[in-house]
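In what follows, a structure is listed as C-alpha cells, so that the remarks can point back to it.
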Amino acid sequence: MKMEDMSLSGLENTKLEALAHDVYSDLVEDACLGLCFEVHRAVKQGYFFLDETDQESMKDFEIVDQPGVDIFGQVYNQWKNKECVCPNCSRSIAASRFAPHLEKCLGMGRNSSRIANRRIASSNNTSKSESDQEDNDDINDNDWSYGSEKKGELMHSNPNSPRRSKSLKHKNGELSSNVNPELYKYNYSSGISYETLGPEELRSILTTQCGVVSEHTKKMCTRSQRCPQHTDEQRRAVRVFLLGPSASALPDSDTMLENDGYDAPDGQLIMSRLQWDGSSDISPSDSASSKASEFFMKPSTLTLTTTGSGGERDKGQERERGDRDRVVSGGSGSSSSQNALALSSRKKRPKLPVPPALSIYDDLN
Amino acid sequence: MSPAGCSHVNGFKVDNWKQNLRVIYQCFVWSGSAETRKRKAKSCICHLCGAHLNRLHSCLHCVFFGCFSKKHIHEHAKSKRHNLAIDLLYGGIYCFVCQDYIYDKDMEQIAKEEQRKAWKLQGSPPPHHQCIGEKYSMWEPTKRELELLRHNPKRRKITANCTIGLRGLINLGNTCFMNCIVQALTHTPLLRDFFLSDRHKCEMQSNSCLVCEMSQLFQEFYSGHRSPHIPFRLLHLVWTHARHLAGYEQQDAHEFLIAALDVLHRHCKGDDNGKKANNPNHCSCIIDQIFTGGLQSDVTCQVCHGVSTTIDPFWDISLDLPGSSTPFWPLSPGSDGSVVNGDSHPSGATTLTDCLRRFTRPEHLGSSAKIKCSGCHSYQESTKQLTMKRLPIVACFHLKRFEHSAKLRRKITTYVSFPLELDMTPFMASSKESRMNGQYLQPVDSLNNDNKYSLFAVVNHQGTLESGHYTTFIRQHKDQWFKCDDAIITKASIKDVLDSEGSVAHIHQLFLFYTL
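These protein sequence lines map, in sequence, to chains A and B. Going by UniProt numbering, the final residue of the first sequence carries number 365, and the count climbs one at a time with no gaps. Going by UniProt numbering, the final residue of the second sequence carries number 516, and the count climbs one at a time with no gaps.
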C-alpha cells in the first residue's frame, strides 16, 4: 500500500468523517505511547519514585492557619534583633534601621548634599568642631527648617506618592563614628517638653543643652550649647523665661570649652579681641557668637555667669563643683571665668584649635 | 555503561556509528523542516507490509523499516542478527536480545542534540510564540545524584498546603513600600518560573547585577526558611542603580516598581549603564516579555477625520479614580446592569472596568490644545483615545489614589471593586471600532482566552498620605491567598482580598496584578 496524494474534495461527508476519526485515533495512540515511553524511561533510569515526599517533611512545611501566629506557626513581632552588614561601609547595622543608614551612607538623602557642602565649607576653616557638629545636623535639620523645606520638597515630588512625616522618623541611633553619641542621646523627635519639668530639672537640662523652644513642636532643643541653629539671644531668652531673670546668663560656659592650654589672659586682651569682627573664614555662627559675647563681657555679667553656673551646677559632676568652688572663691569676674575656661570639658568633644582669646565666646554659642 | 543500557550496543558502536546514527535521527525521526517531514512520511513504510504506522522501527544495522505491532521488525532482527532498532516516533532504541528499550548514554546524547536542532527549525522565527525554538528539558539526576537521593529519602515538595515559596520580609525602616512590590514580583508566576529554572545568565562584569540578586531572592523564598528575609542587598542595589529614587525619603511603591523593573530590564541585557539599545518594542528580556504592553494613542482631527496613531510601551496602567480633582467620566448608559467581567455590582460602586472605560474613552482636546493635522495642514481641534494595542502577560493596574495638586495633597479613598477574572477584550484597539459606533457590550467569546486575565496580587495601602503602611495579598497554588505584612505572612480568604464592600476600614487597594 503505497502512500498517494489524495484529494479530499471529492469525498462524501461520511468518508471525511471516517478519515478524520482515523487521524484522531492515531494521534491519541501516539500521545499515549509517548507517555508510556516517559514512564518506562523514568523507571529504568531509576528516578520514577524519586520525588515522593515523606510524611515528616510534609508536616514540617504545612501551612498554619491560626490567630496570633503566621503561616509558619510563629508568633508575630519576634524579629526585633535582626542585623545586617552594610554593603557600602561594611558596618553591622540593625535591620530595622538599615534604610536610613543607607540613605546617608550613599549620600542620597535630602540633606546629604547639604551636609557634604557644609563639610567642604568648614574644612576651609580651621574649625574642625564645626564640621563634627554638622554631621549630626542632618538628623535635626528637618525639624528646624521643616516649614520651608517641606514646601520645596512638594514642588519636586511625584504627584502620586504618599509622604511620611520625616520628623517622626529620625532617631539618633545611626550617627557617624566621629561623634559622641552621648551628646545626642535624646531622640529629637520626642524632644523635651518644658511644661512638664520642674525647676531643678529645667536647670540641669539648661546647663547641658541649648534649650531653645521650637516654635512648632513646643519642645526644647536638645542639642549642645553651641548649637548653631539657635542664637545665644534665643538661649538667653529661654532661660529667662524658664528660670527667671537671675538665670539670664548662659551657664556652663566653663565646661563647654575645649582649649586645654588656655591660661588667663587679662581683661584688656579680651576686650580687644571682642572688637575683632572675624575674618572671612569664620562661619556665621562665629559672628553671631561674637556679637552676643559683647553683651556678656560686662564684668557684672561675668560675675553672674560664675555664680549662676554655681547654682545650676549642683547636679553637675564632682570635678566641676570642685572647680567652681575654686572659681567662686577666686574673686574677680573675669579671672574666675578664665579659670573656669581652663577646665576641660567633661564632654568628650574634640579639641578646638581656635585662637585662645575667642574661646570665651565660643562657649557662649 | 549506565544501568539502563546494555552491552549489546557495543557491536553497533563501531566505525562511523555516530554519524550514521545522526543521519537516521535527522531523516527519519526528528523532522525539522516541512521538506524532511514529507520525505519521512513518504519513505517510512514497512518493507514487509507497507504500513506506515503500527509503531514503525528502523533497523540500526541496515536499511530496513518494519512495523513493531506486527512483529515484522522482530523477524528481520532474528534473521539478520541485527539486534538494534530505533522507534521512528520517539527515537527510542530497542534491543532484541534484552527485549526492551535501552538507554545508552552516548546514543542519547546524539538523540538530544538532533532533537534540539529539529525544534529550532520548526515554525517561523517571529512572532516568537509560534515556534518551538528552545524547549526546556527537564532535569534528570546523574548516577551519583541518584545514589545520593536514595540515601537521603527526606524530600521537600511544593504541594498545595505547603509554606515553601512564602516568606516574610523585614522592614528596613519604612521600607514596606519595597516589601509589598517584592512580594508581588516573587509571586508572579512567569517570573518565578524564569528564576527557579535558573534562566538568568549573568553577563555583568561587576557583582551588582540586580537580576542575580532577584534570582537569589527566589532562592531565599523557596529555601524553606521560616524566619523573614532581610532584603538589604536588594535595597542597596536598587538605590545604587536608580539614584533618582533619592533614598529613604521616597516611599512610593509605584516609583519603586517602575525603577525596579527598569533596572532589572537594563541588567538583563548585561549592561550597567543602560547604554545598549533599549528599544522596548524589540527587547527580549524577561521583564519586557512579561510586563511590557503597547498602548495605542489615536488622535483624530475633528475636521478631516484623519487619524494619527502612535504606540507607546507601558509597564503599568495608571487609572484615575472618581473623587479626584480631574472629572470622572460618568458611566455610559449601556452599562447599567451590565455583567461585563462579572461586575454585577450594586449601582454606585465604581468598578475596575469603569476605570478602564474611562481610561480608553475618546477625549476631546479643547481649543487650547490644538494639534497640527497633517491632513488639513493646520491646527485643528481633535479627540484623543487610548486603547491597548498589545497586552502584556502581566497587567499591573495602578489606582491613582495619591493626589498632589497645587493646593491639595490627599489620598482618594473611593472604593473600587475589582474582579478575580478580567477580560481585556473591550479595551483592545481592535474592539475600538465597534465601540465608536456606540456599542459598549461586545458579544463575549467565552472560548477565546487570549485576553482573559486572573488576579494574583493586590497591594493595599492603609492610613493617610503622611503616614501609611503597605501590605500585599498574593495568590499561591491557584486558589490560596496569603496576606503579606512585612515579616508576617498569614492565610487570607478571597473575601478579604476582594473586600467586596470596601468595608474594611482604611484599607485601599493600590495595585492590582493580573496575569494571562
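Note that beta-carbon positions come from the ideal geometry of N, C-alpha and C, so glycine has one too.
| Check | Outcome |
| --- | --- |
| Tell me which residue opens and which closes the alpha helix (DSSP H) that B:I110 is part of. | 105 to 121 |
| For B:A487, which residues in chain A fall below 7 Å Cβ to Cβ? | W79 |
| Report the rounded CA-to-CA distance for A:T222 versus A:G211, giving the unit in angstroms. | 6 Å |
| Identify, in the order they occur along the chain, each residue of the same chain with its Cβ nearer than 7 Å to the Cβ of B:K157, setting aside the five sequence neighbours on each side. | none |
| Whose Cβ in chain B lies nearer than 7 Å to the Cβ of A:Y47? | E140, P141, L146 |
| List the residues of chain A that B:F513 touches, going by C-beta distances under 9 Å, in chain order. | Here the premise fails: no neighbours, minimum Cβ distance about 18 Å. |
| How about B:F402 and B:L321: do their beta carbons lie closer than 8 Å? | no |
| For A:E103, which option in B:C304, B:V394, B:H244, B:Q462 has the closest C-alpha, if you only look at C-alpha atoms? | B:H244 |
| Helix or strand or just coil, what does DSSP make of B:V9? | helix |
| So which residues of chain A does B:L235 contact, with C-beta pairs closer than 9 Å? | F98, A99, L102 |
| From the DSSP secondary-structure annotation, give me the bridge partner or partners of A:D26. | DSSP output for A:D26 lists no bridge partner at all. |
| Give, in chain order, every residue of the segment 25 to 43 of chain A whose Cβ lies closer than 8 Å to some Cβ of chain B. | D26, D30, L33, G34, F37, H40, R41 |
| Listed in chain order, which residues of the segment 81 to 115 of chain B have Cβ atoms closer than 7 Å to some Cβ of chain A? | L89, Y90, G92, Y101, Y103 |
| Establish whether the CB of A:P199 and some CB of chain B are separated by less than 8 Å. | no |
| Can a CB atom of chain A be found closer than 8 Å to the CB of B:N54? | no |
| With a threshold of 7 Å on Cβ separation, who are the neighbours of B:R233 within its own chain once the five nearest residues in sequence on each side are excluded? | E213 |
| Determine the closest residue to B:V238 out of B:H229, B:A253, B:I230, B:V263, with distance taken between C-alpha atoms. | B:V263 |
| Helix, strand or coil for B:R226 per DSSP? | coil |
| Where are the alpha helix (DSSP H) runs, 4 residues long or more, that stay fully inside the segment 44 to 108 of chain B, in chain order? | 72 to 80 |
| Quickly, what does DSSP pair B:R409 with across the bridge? List them, please. | B:H404 |
| Could you give the first and the last residue of the continuous alpha helix (DSSP H) run that contains B:M214? | 210 to 221 |
| Report all residues from its chain with a CB closer than 6 Å to the CB of B:S31; omit the five preceding and five following residues, and keep chain order. | R37, K40 |
| What are the residues of the segment 282 to 311 of chain B that lie near chain A, defined by any Cβ-Cβ distance shorter than 7 Å? | none |
| Sorted by chain position, which residues of the same chain lie with C-beta nearer than 8 Å to B:P141's C-beta, five sequence neighbours on each side aside? | L149 |
| So is A:P87 in contact with chain B if we call contact Cβ pairs under 8 Å? | yes |
| For B:H506, I'd like the list of residues in its chain whose CB is within less than 6 Å of its CB, leaving aside the five on either flank, ordered along the chain. | Q462 |
| Alpha carbons only, please: which of B:V416, B:L420, B:V299 is nearest the one belonging to B:T360? | B:V299 |
| By the criterion of Cβ-Cβ separation under 7 Å, what are the contact partners of A:Q74 in chain B? | R226 |
| At the 8 Å Cβ level, is B:N171 part of the contact set with chain A, yes or no? | yes |
| Does the segment 302 to 310 of chain B come close enough to the segment 371 to 387 of chain B that 3 or more CB-CB pairs lie under 8 Å? | yes |
| Considering Cα atoms alone, identify which of B:N161, B:E381, B:K400 is closest to B:D479. | B:N161 |
| So, using beta-carbon positions, are B:I170 and B:I230 closer together than 8 Å? | yes |
| Could you tell me the distance, in whole angstroms, from the CA atom of A:P117 to the CA atom of B:H241? | Reading off the sequence, residue 117 of chain A comes out as Asn, not Pro. Each residue's alpha carbon lies about 23 Å from the other. |
| Exposed or buried, what is A:L242 when buried is set at 16 or more other beta-carbons lying within 10 Å of its beta-carbon? | buried |
| For the beta strand (DSSP E) that contains B:C176, what are its first and last residues? | Here B:C176 belongs to no beta strand (DSSP E); instead the alpha helix (DSSP H) covers 176 to 186. |
| Report the rounded CA-to-CA distance for B:I110 versus A:H40, giving the unit in angstroms. | 20 Å |
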